[in-house]
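Below is one structure, written out as structure tokens; comments come after it.
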Ligand SMILES: Nc1ncnc2c1ncn2[C@@H]1O[C@H](COP(=O)(O)OP(=O)(O)O)[C@@H](O)[C@H]1O
Ligand SMILES: [Mg+2]
């Protein structure tokens, strides 16, 4: 049997470059386990932080070391010179988190290549990335979510007489605490919790350095639940997990410092909450037109029993310890089988 050549595309031009390398290492290992060894051949392709694509030899080196590599004296024209092995790939497996990877940019390129790839296409990826567009899509199917307002950089930078009015409107509509977020980032980068007008203004100003589009949300006191979805048509939801952490909110440091956050699988919540989260996850997956995989995150207010959707991630963290594969492992799909199923679900978009 000829093996299917899997183009594992990792690294990428985003703040989550290192996480991508760790995810890719886990997937590369899974491709050699059990039946996968006889079905698949790994073709690693690494995107440096500066956007330059590196072929098998360098990519394998990065996979082995687990460390990013940056070529010296890069010629940025090289960005559009793909390594020759790109033409040999039968199915792409992009495992790039955040902007320039999870947002539809790479998915557009793979679509143009006319080769099947794992995960969402351009639309699903873009809607899953932009927190404002995502909320509009969620609202369309009546998914409950926190109160929010979309703000542009232009509004924040507008003349000094207009800015206070914006502050007034945000304060009246959302109150404190509120969360200020760049619309197109991940890993909590650029997110601030504001408890006063001063903090709100600083947070808005800071968010404009990351993105043209900003979302401000009413802060809720809630537990955080996550659910994994797998499939194309008739997607399935996994068991539900909970993120438990010390600290004010699930910020960058909490996410990436060992021991600061804990995954509870299954989440210790009532059965009816589990069912609700699973149903809402499928609805969210379908309304953004996600394909293959996604992790859907929720706020659960224990006191009121209310479940609000927070966001969908179309290329969630995929390290051996990440929530997405762990949720599937707890649902009876071990890591190597999950990788196999995702490859089977890949289609030409
Ligand atoms: N409206 C909110 N109320 C309470 N906590 C929030 C709110 N929005 C975000 N958070 C906290 O900030 C974290 C990161 O926000 P999130 O929107 O998930 O951004 P990211 O896409 O970077 O993960 C959440 O996991 C949660 O701890
Ligand atoms: Mg999040």
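In my numbering, the protein residues as written are 224 to 572.
The C-beta atom is built at its ideal place from N, Cα and C for all residues, glycine as well.
Practice task
Could you give the DSSP three-state label for residue 472: helix, strand or coil?
Solution key: Looking at residue 472 - three-state DSSP - the assignment turns out to be coil, as it is neither helix nor strand.
Problem - Limits of the unbroken alpha helix (DSSP H) element including residue 510 - result: Following the DSSP letters along the chain, one finds residue 510 inside the alpha helix (DSSP H) bounded by residues 494-510.
Practice task
Could you check the C-alpha separation between residue 305 and residue 367 for me, to the nearest Å?
Solution key: Distance from the CA of residue 305 to the CA of residue 367, rounded to the nearest whole angstrom, comes to 44 angstroms.
Exercise for the section: Say yes only if the C-beta of residue 294 is nearer than 8 angstroms to one or more non-hydrogen atoms of ligand 1, and no if none qualify. Expected result: No, ligand 1 has no heavy atom inside 8 angstroms of this Cβ.
Problem - For residue 375: DSSP bridge partner residues - result: Residue pairing by DSSP puts residue 375 in a beta bridge opposite 436.
Problem - Bounding residues of the beta strand (DSSP E) (the contiguous stretch that carries residue 520) - result: Per DSSP, residue 520 is one residue of the beta strand (DSSP E) stretching across 515-524.
Exercise for the section: Answer yes or no: do residue 231 and residue 260 have a C-beta to C-beta separation smaller than 9 angstroms? Expected result: Their beta carbons are not under 9 angstroms apart, which means residue 231 does not touch residue 260 by this criterion.
Practice task
Kindly give me the distance between the Cβ atoms of residue 541 and residue 246, rounded to whole angstroms, as I take these residues to be in contact under 8 angstroms.
Solution key: The Cβ separation is near 4 angstroms, so the contact holds.
Practice task
Locate the alpha helix (DSSP H) running through residue 389, then write down its first and last residues.
Solution key: Where residue 389 is concerned, the enclosing alpha helix (DSSP H) stretches over 386-397.
Problem - heavy atom of ligand 2 below 8 angstroms from residue 348 C-beta - result: No heavy atom of ligand 2 is found nearer than 8 angstroms to the CB of residue 348.
Exercise for the section: Please classify residue 276: is it buried, with 16 or more other beta-carbons within 10 angstroms of its beta-carbon, or exposed? Expected result: Of the residues assessed, residue 276 falls on the buried side of the cut-off, its CB having 16 or more other CB atoms within 10 angstroms.
Handout entry: Integer-rounded CB distance, given that residue 427 should sit under 8 angstroms from residue 374
Key = With 8 angstroms as the limit, residue 374 and residue 427 qualify as a contact, their Cβ atoms being about 7 angstroms apart.
Handout entry: N- and C-terminal bounds of the alpha helix (DSSP H) containing residue 530
Key = Element bounds for residue 530: not the alpha helix (DSSP H) but the beta strand (DSSP E), 529-536.
Exercise for the section: Run the proximity test for residue 411: is its beta-carbon closer than 8 angstroms to any non-hydrogen atom belonging to ligand 1? Expected result: Yes, the beta carbon of residue 411 sits closer than 8 angstroms to at least one heavy atom of ligand 1.
Handout entry: residue 344 - DSSP class collapsed to helix/strand/coil
Key = In this structure, residue 344 counts as coil in the three-state DSSP scheme.
Exercise for the section: With DSSP as the reference, label residue 427 as helix, strand or coil. Expected result: In the three-state reduction of the DSSP assignment, residue 427 falls in the helix class, which pools H, G and I.
Exercise for the section: Tell me whether residue 303 is buried or exposed, calling it buried when 16 or more other Cβ atoms sit within 10 Å of its Cβ. Expected result: By the neighbour-count definition (other C-beta atoms within 10 Å, threshold 16), residue 303 is an exposed residue.
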